[in-house]
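Enquirer: Before I ask anything, let me first share the structure, which is written out below as structure tokens.
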Amino acid sequence: GQNIDQPTEMTATEGAIVQINCTYQTSGFNGLFWYQQHAGEAPTFLSYNVLDGLEEKGRFSSFLSRSKGYSYLLLKELQMKDSASYLCAVREGDYKLSFGAGTTVTVRA
Amino acid sequence: EAGVVQSPRYKIIEKKQPVAFWCNPISGHNTLYWYRQNLGQGPELLIRYENEEAVDDSQLPKDRFSAERLKGVDSTLKIQPAELGDSAVYLCASSFLAGGRLTDTQYFGPGTRLTVL
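Okay, here's the thing in structure tokens:
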């Protein structure tokens, strides 16, 4: 099994940058995913890291350090529509995803 | 391309009643997952299918939960009888297994929000 920790809530201003940290303890690590979930909707895929380093995709970037059991999701140029829950998920083995409880990000004007 | 489809979106039942949820995965996806998401928590895997075979049902409470995926496409998850603690969102996800390796991403449906009174 694994322990996945991420902050419960974060608040930021429109146009700003927010960094959501995720720490994990697991055996058989095989990748880390970030999903975005708006209230009442499906989790949607944002990013995937399996090797150390930074993956950039538009306004969103994700970083992984396997030796530290640490990842972060960086949201730049925040927009109101970015208000959502962000889920960190660790894949163990071929397919088993274990999710953190999610970080609720609130973007204020 | 259509995403994962689930129905109903909402269901309210009294305890001890049966309930069923339906999922239609993304076309061509041969791997299907059922998750349960409690309020304020991340999704937790209940069962995984490869085609019509349940290859991991270790987290499914088999005394009251059952699932099937006839013909390896649509799937149904059933609870009988429902208990108060079953109130949650039930999410279906799908992915494509090729050459013995999974692609990286599971795609989720919008879920069915179950309330047991």
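Line by line, the protein sequences give chains V and Z.
The numbering used here numbers the first residue of the first sequence as 3 and each following residue consecutively.
The numbering used here numbers the first residue of the second sequence as -12 and each following residue consecutively.
Backbone N, C-alpha and C define an ideal beta-carbon position, used for all residues, glycine too.
Please read all numbers here as calculations on a predicted model, not as lab measurements.
(1) DSSP three-state call for Lys83/V: helix, strand or coil?
(2) Could you give the residue range of the beta strand (DSSP E) that holds Lys23/Z?
(3) Just to make sure I have the definition right: I need the residues of chain V whose C-beta is within less than 7 Å of the C-beta of Leu101/Z. Which are they?
(4) Between Glu11/V and Thr102/Z, what straight-line distance do the alpha-carbon atoms span, to the nearest angstrom?
(5) Taking the straight line between their C-alpha atoms, what separation do you get for Pro12/Z and Leu34/V?
(6) What residue from Asp50/Z, Lys65/Z, Pro48/Z, Lys49/Z has the CA that sits closest to Arg56/Z's CA?
(7) Cutting at 7 Å between CB atoms, please list the residues of its own chain near Gly95/V, excluding the five before and the five after it.
(8) I think Leu37/V touches Leu89/V, with their Cβ atoms under 8 Å apart; what is that distance to the nearest whole Å?
(9) Which two residues bound the contiguous beta strand (DSSP E) that contains Gln39/V?
(10) Which residues in the same chain as Gln125/V place their Cβ atom closer than 6 Å to its Cβ, once the five residues preceding and following it in sequence are excluded?
Expert: By the coordinates alone:
(1) Numbered from its first residue, the first sequence carries residue 83/V at position 81. The answer is helix: DSSP assigns Lys83/V an H, G or I state.
(2) For this step, residue 23/Z is matched to residue 36 along the second sequence. Here the sequence assigns Arg to residue 23/Z, which means Lys is not the residue at that position. Looking at the DSSP string, the run of the beta strand (DSSP E) that includes Arg23/Z is 18 to 24.
(3) Along the second sequence, one-based indexing puts residue 101/Z at 114. Per Cβ cutoff of 7 Å: no residues; Leu101/Z is ~14 Å from chain V at best.
(4) As a first step, residue 11/V must be located in the first sequence, where it is residue number 9. As a first step, residue 102/Z must be located in the second sequence, where it is residue number 115. Their Cα atoms are separated by approximately 25 Å.
(5) Translated into positions along the second sequence, residue 12/Z becomes position 25. Translated into positions along the first sequence, residue 34/V becomes position 32. Spanning the two alpha carbons is a distance of roughly 23 Å.
(6) Residue numbering aside, residue 56/Z sits at position 69 when the second sequence is read from its first letter. Considering only alpha carbons, the answer is Lys65/Z.
(7) Taking the first residue of the first sequence as position 1, residue 95/V is located at position 93. So the list reads Gly30, Asn32, once near-sequence residues are dropped.
(8) Position 35 of the first sequence, counted from the first residue, corresponds to residue 37/V. Position 87 of the first sequence, counted from the first residue, corresponds to residue 89/V. The question names Leu, but residue 37/V is Tyr in the sequence shown. Confirmed, Cβ separation roughly 4 Å.
(9) Within the first sequence, numbered from 1, the residue matching residue 39/V stands at position 37. From DSSP, the beta strand (DSSP E) with Gln39/V extends over 31 to 39.
(10) Given that chain V is displayed from residue 3 to residue 111, the structure contains no residue 125/V and the question cannot be resolved.
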